[in-house]
Amino acid sequence: MGFALDELGPVRCREIAETLFRVQKDYAGRSTLNGWCPFHEEKNPSFAYHYGEDWYKCRGCGEGGDLVKLWLHVHGGAFLDFKREFCGDDAPAPRPRKEKAAKKPGKEEEKVDPGSFVPEEELERLPPLPEARIRELQASRRWTPETIFMLDLREFTDPAGGKRIAIPIRDDAG
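For the sequence shown, my numbering gives the first residue as -8, with consecutive numbering after it.
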């Protein structure tokens, strides 16, 4: 939640947002306005502002933020200008954002480096793709079982338990 939502509530945030970009549709059930991005020229609507949580994102240019940032982009000025315009001079300063909780000692998350070298012996220990996964790849990516076998694709389980496809890439030396 941003300052605007905390101070003004979702209804007022929606009203303000509707003046900042061209709205195509209000998805009231999702508390979201969809429309054309005020940051770049576009022919199709790719911008969404979620007034129930006070955030926006453009799928076209990637710009994102909260209502205050959007208002400042359209009107210029500083945070205090937004605060004076909508909250008056006596409104409280924004609360500091909560820091993410520190991880417990000894619970370091293991990260996988996608560019790391995996010895051939370790790759050989990975199981082949199960039949169900091969059928899924046939349907979704049009990969044939022959191609999967030829590429020697394997099943890799990441530290979080997710199932991945290990694709061996070998140079001329093997």
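Every residue gets a Cβ at the ideal spot worked out from N, C-alpha and C, and that includes glycine.
Every value quoted in this text rests on a predicted model; they were computed, and no experiment measured them.
Its chain contains -2, -1 as the residues whose beta carbon lies nearer than 8 Å to that of residue 78, once the 5 sequence neighbours on both sides are disregarded; these appear in chain order. Between the beta-carbon of residue 42 and that of residue 13 there is about 16 Å, and that puts the pair past the 8 Å contact cut. When the alpha-carbon of residue 149 is set against those of 51, 137, 133, 117, the nearest one is in 117. In this chain, the beta strand (DSSP E) harbouring residue 156 covers 154 to 157. Membership of residue 39 in the beta strand (DSSP E) is indicated by the continuous run 38 to 41. Around the C-beta of residue -6, 16 or more other C-beta atoms lie within 10 Å, and the residue is accordingly described as buried. For residue 128 and residue 17, the gap between their C-alpha atoms comes out near 37 Å. Spatial neighbours of residue 50 in its own chain (CB-CB distance under 7 Å, excluding positions within 5 residues in sequence) are listed in chain order as 37. DSSP places residue 12 in no alpha helix (DSSP H); its state is neither H nor E. Taking the Cα of residue 56 as reference, the smallest distance to any Cα among 39, 72, 66, 142 is reached at 39. Look at residue 67 here: in three-state DSSP terms it is coil, with no helix or strand label.
Secondary structure of residue 138 (DSSP, three-state): helix. Residue environment for residue 68: exposed (fewer than 16 other C-beta atoms within 10 angstroms of its C-beta). Distance check between residue 63 and each of 8, 147, 130, 144 places 8 closest, using alpha-carbon atoms only. For residue 44, the three-state secondary structure derived from DSSP is coil. In the three-state reduction of the DSSP assignment, residue 55 falls in the strand class.
Listed as beta-bridge partners of residue 124 by DSSP are no residues whatsoever.
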